[in-house]
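FYI, the numbering for the sequence shown is 0 to 192, going by numbering that gives the first Met the number 0. Note that CB positions come from ideal geometry on N, CA and C, so glycine has one too. All values reported here derive from a predicted model rather than from experimental measurement.
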Amino acid sequence: MREKKGNKARIDDVHNYLTNEDINQAFADKPTIIARLAELAMLLDTYCTWGRTVNTSTLTTRRSMVTSRFAVLELLSLEDKPKLLSSILFSLILAIQEKMYHSPRDLKKVCIIDEAWRLLGGSNPHAARFIETGYRTVRRHRGAFITITRIKDFSASKEAEAAWNNSSTKITLLQDAKAFKQYLPITRISSRT
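Right, dumping it as structure tokens:
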């Protein structure tokens with residue numbers, strides 16, 4: 000399958016491989032393997048293009064991230080599908096890391112994360128670690144992170160604080176006055192230490 004499709008392979012291709020008659024014939028004398036192949040195919044079925052959880056706009060995301068100079072990805076439609084969202088988010092993290100750290104250093108790169116409170120809260124450890132590592136290291140690769148969220152979200156986790164503390168430029172737009180006043184002492188303390 001890899002030889003035929005390369006980086007253009009989809010979940011559909013994996014499903015088709017698992018259900019292929021030739022593959023099933025090759026393991027005809029091994030019922031445990033046949034049962035496992037069928038189980039894997041059944042689990043993947045929901046994520047195929049004909050499945051009920053697929054948003055067709057996400058199907059070419061990985062390819063778009065690799066080949067385009069600018070990509071905007073809206074994941075809000077996947078909020079009610081946490082398993083699929085987690086898988087796609089992990090794939091995006093890998094694609095962004097590939098662009099940031101393995102593309103030529105003379106190429107300027109930026110990753111903008113809107114509604115970052117969803118990732119800074121610590122509920123997704125991969126996303127939180129990705130943001131923290133990005134803020135700490137991406138400048139060496141002529142990259143930048145821009146995080147759009149409310150100011151109080153930067154104290155939600157140690158990764159969020161690391162993002163705040165490793166930002167050389169901070170732009171604060173309209174915030175709730177009470178939350179901003181509460182946050183000011185925290186930023187003064189962290190900037191002194």
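Please state if the CB of residue j and the CB of residue i are separated by a distance shorter than 8 Å.
{"i": "Leu-106", "j": "Arg-138", "result": "no"}
{"i": "Leu-72", "j": "Leu-91", "result": "yes"}
{"i": "Cys-47", "j": "Asp-11", "result": "yes"}
{"i": "Ala-162", "j": "Glu-131", "result": "yes"}
{"i": "Ala-37", "j": "His-14", "result": "no"}
{"i": "Ser-156", "j": "Leu-119", "result": "yes"}
{"i": "Cys-110", "j": "Phe-144", "result": "yes"}
{"i": "Ser-166", "j": "Tyr-134", "result": "yes"}
Terminal residues of the continuous beta strand (DSSP E) containing residue i?
{"i": "Thr-146", "result": "142 to 147"}
How should residue i be labelled, buried or exposed, when 16 other C-beta atoms within 10 angstroms of its C-beta is the threshold for buried?
{"i": "Thr-146", "result": "buried"}
{"i": "Asn-6", "result": "exposed"}
{"i": "Lys-177", "result": "exposed"}
{"i": "Ser-189", "result": "Residue confidence for Ser-189 is low, a pLDDT of 49 falling below 50, so the modelled location carries little weight and cannot support an answer."}
{"i": "Thr-55", "result": "Low local confidence applies: a pLDDT of 48 at Thr-55 is under 50, so the model's placement there is unreliable, with the coordinate-based value given in what follows. Thr-55 is exposed by the Cβ-count criterion."}
{"i": "Glu-158", "result": "buried"}
Tell me the DSSP bridge mates of residue i?
{"i": "Asp-12", "result": "Answer by DSSP bridge pairing: none, since Asp-12 is not bridged."}
Between which two residues does the alpha helix (DSSP H) harbouring residue i extend?
{"i": "Asp-113", "result": "Looking at the DSSP string, Asp-113 is not in any alpha helix (DSSP H); the run it does join, the beta strand (DSSP E), is 108 to 113."}
{"i": "Asp-28", "result": "From DSSP, Asp-28 is part of no alpha helix (DSSP H); its letter is neither H nor E."}
Any beta carbon of chain B sitting closer than 8 Å to that of residue i?
{"i": "Gly-50", "result": "In the structure shown, chain B cannot be found, because there is only a single protein chain."}
**OP:** Report yes or no: do three or more beta-carbon pairs, one from the region 165 to 180 and one from the region 147 to 154, lie closer than 8 Å?
**Re:** Taking 8 Å as the limit for Cβ pairs, the verdict is that the region 147 to 154 does touch the region 165 to 180.
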